[in-house]
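Here the sequence shown stands for residues 1 to 183, where the numbers follow full-length UniProt numbering. Worksheet for the structure shown next.
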Amino acid sequence: MSIDFNAGKWLNEPARWLANETGLTLTTDEKTDFWRETHYGFIRDNGHFLAFPTSKGFTAQIRVQGEFRTLYDQVSLMVRIDEKHWVKTGVEFTDGEAFLSTVVTDGKSDWSVAQPFTELEDFRIRVTVANGAMRIQASRDGSFWPLLRLAPFPAADHYEVGPTACTPERSGLTVRFSEFSIG
């Protein structure tokens with residue numbers, strides 16, 4: 001089922017965003033991020049997240065479009081229980097390139113990157129949550145979905161899921177989300 005972006009609830013609403021029947025476009029505010037402690041020693045929970053409630057088992061997917069050029073520019077699909085238990089998975093710019101990125105947070109953040117394909121200006125991300133685990137997949141074309149990560153994730157009666165965008169080193173990244181579904 002396709003989701004109406006106007007039905008979501010913002011955590012850290014950006015100053016500039018527009019939702020309509022075809023998608024969501026937003027521009028990031030300055031120095032936004034989601035991260036907990038590991039390696040860097042700080043906690044940030046000020047990224048832009050448009051949350052939609054879900055049941056205890058679901059699959060969600062979304063199409064992401066943007067140009068990622070500055071260190072740590074990131075756009076993701078987030079699954080969140082609370083500020084200490086969440087996953088964000090999508091694209092992040094690091095080491096001079098865009099990578100598919102997943103951060104699994106269970107008290108502390110665990111970050112991994114992969115490049116099953118390198119053209120990341122337009123791609124899709126899918127998460128499936130069931131039985132205390134999360135399966136994460138990505139696709140360039142919406143038909144071939146290689147596995148990015150299979151990770152434990154706390155079982156809960158409900159979750160929040162939706163698009164997120166962050167720019168820890170700047171502001172002004174404009175991105176587009178579309179084809180969002182939860183089933």
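Cβ atoms here follow ideal geometry from the backbone N, Cα and C, with glycine treated the same way.
Exercise. With which residues is W35 paired in a DSSP beta bridge?
Worked result: R44
Problem set entry | Proximity winner among L71, F177, E179 and T164, relative to D95 (alpha-carbon distances) | L71
Exercise. Which whole-angstrom value describes the C-beta separation of residue 242 and V113, a residue pair presumed to lie in contact below a C-beta threshold of 8 Å?
Worked result: For residue 242 there is no data in the structure shown, the boundaries of the chain being 1 and 183.
Exercise. Nearest CA to the CA of G120: which residue from G162, G47, V91 and K84?
Worked result: The sequence shown places Leu at residue 120, not Gly. Among G162, G47, V91 and K84, the Cα nearest to that of L120 belongs to V91.
Problem set entry | Terminal residues of the beta strand (DSSP E) in which G66 lies | F58 to G66
Exercise. Given 8 Å as the limit, is there contact between the region 150-162 and the region 53-62, that is, 3 or more CB pairs closer than that?
Worked result: yes
For this session: Kindly list the residues whose CB is nearer than 6 Å to the CB of T33, restricted to its own chain and excluding five residues on each side of it in sequence; keep chain order.
Result: A small correction: the amino acid at residue 33 is Asp; Thr does not occupy that position in the sequence shown. Contacts found: R44, G47, C166 and P168.
For this session: Take L24 and list the residues in its own chain whose beta-carbon comes closer than 6 Å to its own, dropping the five residues that flank it on each side.
Result: F5 and F177
Exercise. Which residues in the same chain have their Cβ closer than 6 Å to the Cβ of R80, if we skip the five residues on either side of it in sequence?
Worked result: W86 and E160
Problem set entry | When V129, L18, Q115 and K84 are compared against W35, the one with the closest alpha-carbon | K84
For this session: Ignore the nearest five residues each way along the sequence and tell me which others in Q137's own chain have a CB closer than 7 Å to its CB.
Result: R126, W145, P146, L147 and L148
For this session: Rank F68, A7, N20 and S171 by C-alpha distance to the C-alpha of A51 and give the top, closest one.
Result: A7
Exercise. Taking C-beta to C-beta, are R140 and F123 nearer than 7 Å?
Worked result: yes
Exercise. Could you give the residue range of the beta strand (DSSP E) that holds G162?
Worked result: Y159 to C166
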